[in-house]
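A.B. asks: Let me give you the structure first, and then I'll get to my questions.
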């Protein structure tokens, strides 16, 4: 990349450029464009700091008037926007740079390479890993973009501490390159001034210490260290960090290897002096997930070193999201030389509220070497500083158990970082996938052989060949869900006298299965894991799950759900997709949703406990009526020669159902819904709707004469009629 003065990207559109690193300016061929007062310049600065993003009007008002806006504030902002639009239209008639109204605020559409901040960050990214000569050249070009303090002429209205941090990052990186090139004498004066300006910046102190020692001023170097140590002790009661202490010890013992500029770096690799290593221990007894690990490997291999990659590992409770993510992260940790940070976001913790992003950012900043007193109070300022610290780092960030996209967004590094972010959640976080192009990996249950092996690994005892059948049955009863499999293995390990057959017998009863999938003294169980997700659902989704627990068939669709819930088709489809986002149901084909066996048992328990008898009966009556009306429509198409009966003339206006216009559509509906139809007929007696049951049996019995593939089951259903149901 060329310097800012010669780069093609910055000379685009007639030399149009935007400056924030100093006074806020718009330049055309190096001539400033009049922008108006500090209010308009402040608004432009806010939009330039978040290019192509919507900046809320309320936030604009709060920032420009320091949370004490006049009554006319919104009108004044509209005036600023109008004035800026006129200025931009005059310098860019093509309209490629423009301000658009995008509720709840405004959005500046712009090629970000026209902004000096973006150019500076790009230069920093280009310098990463380059030889010292090239690194010094690129970072000096970045340094020259500053024309004084950033946002210097808007009266402190808009604060952007990340720009000050970016400047220090550039300076430290350029000085580091100069030291590698043997320019220690040249940088001493500059470093002395910088240390006076930023007395607690340990990296600058270390660079000054090294430059003085290499210049033959060992006593001055030791004095610089002592001044910093005394200042740190008096101000914060702490001693210098480990890297600076180690450098001081080497100077103290006159370690002449420090005199070689080409020797290994004596300071920490990037900004600050701490390389965090926060990953939890990888879980023991991990089994399978080879395809998923390959997916993560390919993601890592395909990363652009200048761009943050974001991956979301999602799935239902107990599926093993954290186990997979932490295991893989530990395996690749060495590929992230600037460290790895971890946060449990407690998105679905029943005992604690979800983690506040501001608190998580404070922990991250401390882990990255920021002094406690230097951690900003405001969430946006913490996020900005965090992004600046990671701007030229390669860090692995693991965010476990995220609640929603809003909790995650402030914790993401900036666009010029070469970091990888791994997020786990029991919801899909579609906002991250759509808005930030996050890669999505949805975990499914384990394959049968892997599930049996997980039971064996957790139990700690090899499964005998004679017990293989019982092990397979146990894995099946657990629905191949890793959490359930581990609980079964733990129970076998704790009670060696129990056989696989004994435990399989206990789990065979659906009424007691969830109770059996618990371990005494453990923090979780399958029921507890499901309960946390259920309690986090919106009320309408929670109510839908309860009613779905009553459904006797093998899969749910929008029409059957609409009947169960007494709602319209659009709302029913919305609810099913909402449940799918939380993995309470899975869409196996368009508009066909199934529940995992353990989720189905859990939902049935909810229906029995939380629904009144009359509510359950009414829901079943609606369901039976839906199948009755739709079966009648199918009968008219498949057996038109049959005599028209009174029961065929059903009032279907209040029963949403599919459009069946041809015999082929009717046959398709019967084939798809047959198992559900039989199950509903079996369960229908509990609804107290015997007349509808008789009608259903009579209608379907007529269909048996004209449909070869359905003859046997239809005759069975007709037995309801023959038996006098």
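In the numbering used here, the protein residues as written are 29 to 753. Cβ atoms here follow ideal geometry from the backbone N, Cα and C, with glycine treated the same way. None of the values given here were measured: they were computed from a predicted structure.
1. Thinking C-alpha only, which one of 183, 91, 378, 277 is nearest residue 556?
2. Just mark residue 486 as buried or exposed, buried being the case when its beta carbon has 16 or more other beta carbons within 10 Å.
3. Going by DSSP, what residue range makes up the beta strand (DSSP E) through residue 364?
4. Could you give the residue range of the beta strand (DSSP E) that holds residue 428?
5. Would a C-beta distance cut-off of 8 angstroms place residue 454 and residue 348 closer than the cut-off?
6. What number of angstroms, rounded off, separates the C-alpha of residue 383 from the C-alpha of residue 373?
7. Tell me whether residue 699 is buried or exposed, calling it buried when 16 or more other Cβ atoms sit within 10 Å of its Cβ.
8. Under 8 angstroms: do the segment 106-121 and the segment 148-168 share three or more Cβ pairs, one atom per stretch?
9. Is DSSP giving residue 78 helix, strand or coil here?
10. Can you tell me which of the three DSSP states residue 473 falls into?
11. Shortest alpha-carbon distance to residue 469 belongs to which of 271, 506, 341, 376?
12. In or out: residue 197 buried (at least 16 other Cβ within 10 Å) or exposed?
13. Buried or exposed: where does residue 266 fall if 16 or more other Cβ atoms within 10 Å of its Cβ makes it buried?
14. According to the neighbour-count rule (16 or more other Cβ atoms, all chains shown, within 10 Å of its Cβ), is residue 767 buried or exposed?
15. Evaluate contact between the segment 304-312 and the segment 402-420, counting only Cβ atoms and requiring at least three cross-stretch pairs below 8 angstroms.
16. Please classify residue 84 as buried or exposed, where buried requires at least 16 other C-beta atoms within 10 Å of its C-beta.
17. Would residue 174 be called buried (16 or more neighbouring beta carbons within 10 Å of its own) or exposed?
18. Can you list the alpha helix (DSSP H) stretches of 4 or more residues lying completely in the segment 387-459, in chain order?
19. Please report the distance separating the alpha-carbon of residue 702 from that of residue 709.
20. Who pairs with residue 369 in a beta bridge, going by DSSP?
21. Could you say which of 419, 243, 92, 635 lies nearest to residue 578 if we only look at CA atoms?
22. Under a three-way DSSP split, which group does residue 339 fall into?
23. Considering only residues of the same chain and omitting the five flanking positions on each side of residue 350, which have a CB-CB separation below 6 angstroms?
24. Just checking my contact of residue 521 with residue 488 at CB under 8 angstroms: how many whole Å lie between their CB atoms?
25. For residue 356, count the other beta carbons within 10 Å of its own beta carbon; 16 or more makes it buried, fewer makes it exposed. Which is it?
26. In whole angstroms, what separates the C-alpha of residue 612 from that of residue 565?
27. Go to residue 256, then tell me how far its beta strand (DSSP E) extends in each direction, as first and last residue.
28. Exposed or buried, which one is residue 484 when buried takes at least 16 other CB atoms within 10 Å?
29. Which of helix, strand or coil does DSSP assign to residue 127?
30. Does the distance from the C-beta atom of residue 127 to that of residue 112 stay below 8 angstroms?
31. With 8 angstroms as the threshold, decide whether the Cβ of residue 612 is near any Cβ in chain C.
32. Please report the residue range of the beta strand (DSSP E) in which residue 620 lies.
33. Cα separation between residue 697 and residue 570?
34. Who are the Cβ neighbours of residue 186 in its own chain at under 7 angstroms, not counting the five residues just before and after it?
35. Give the DSSP-derived three-state secondary structure of residue 47 in the structure shown.
36. Counting only runs of 4+ residues fully inside the segment 453-540, write out the alpha helix (DSSP H) ranges in chain order.
C.D. replies: Once the coordinates are examined:
1. The shortest C-alpha separation from residue 556 is found at 378.
2. Here residue 486 is buried, its C-beta having at least 16 other C-beta atoms within 10 Å.
3. For residue 364, there is no enclosing beta strand (DSSP E), as DSSP gives it neither H nor E.
4. Run containing residue 428: 424-428, per the beta strand (DSSP E) assignment.
5. In this structure, residue 348 does not lie closer than 8 angstroms to residue 454 by Cβ.
6. C-alpha separation (whole angstroms): 5 angstroms.
7. By the 10 Å Cβ count, residue 699 comes out exposed.
8. No: the two stretches stay apart, fewer than three of their Cβ pairs being nearer than 8 angstroms.
9. Looking at residue 78 - three-state DSSP - the assignment turns out to be coil, as it is neither helix nor strand.
10. When secondary structure is reduced to three states using DSSP, residue 473 falls in the coil class, being assigned neither helix nor strand.
11. That would be 341, whose Cα lies nearest to the Cα of residue 469.
12. Buried is the call here.
13. Answer is exposed; the Cβ neighbour count stays below 16.
14. The displayed coordinates of the chain run from 29 to 753. Any statement about residue 767 would go beyond what the structure contains.
15. Fewer than three Cβ pairs drawn from the segment 304-312 and the segment 402-420 lie within less than 8 angstroms of each other, which leaves the two stretches out of contact.
16. By the neighbour-count criterion, in which 16 or more other beta carbons inside 10 Å mark a residue as buried, residue 84 falls on the exposed side.
17. By the 16-neighbour rule on beta-carbons within 10 angstroms, residue 174 is buried.
18. Counting whole runs of 4 or more residues, the segment 387-459 contains the alpha helix (DSSP H) stretches 407-417, 433-436.
19. If I take the Cα positions, the gap works out to 11 angstroms.
20. Note: residue 369 sits in a beta bridge opposite 425.
21. It is 635 whose Cα lies nearest to the Cα of residue 578.
22. Secondary structure of residue 339 (DSSP, three-state): strand.
23. Within its own chain, the residues whose Cβ lies closer than 6 angstroms to the Cβ of residue 350, once the five positions on either side in sequence are excluded, are 428, 452, listed in chain order.
24. Confirmed, Cβ separation roughly 5 angstroms.
25. So residue 356 ends up on the buried side.
26. Rounded to whole angstroms, residue 612 to residue 565 spans 10 angstroms at the Cα level.
27. Judged by DSSP secondary structure, residue 256 falls outside any beta strand (DSSP E) and instead within the alpha helix (DSSP H) spanning 246-264.
28. Around the C-beta of residue 484, 16 or more other C-beta atoms lie within 10 Å, and the residue is accordingly described as buried.
29. The three-state secondary structure of residue 127, taken from DSSP, is strand.
30. Yes, Cβ-Cβ distance for residue 127 and residue 112 is below 8 angstroms.
31. Protein chains in the displayed structure number just one, and chain C is not present.
32. Taken as a continuous stretch (DSSP letters only), the beta strand (DSSP E) holding residue 620 covers 620-622.
33. The alpha-carbon atoms of residue 697 and residue 570 are separated by roughly 28 angstroms.
34. Taken in chain order, the residues that qualify are 70, 73, 74, 91, 179.
35. Strand, per DSSP.
36. Under the rule that a run must span 4 or more residues, the alpha helix (DSSP H) segments found entirely inside the segment 453-540 read 458-464, 476-487, 496-505, 510-522, 528-535.
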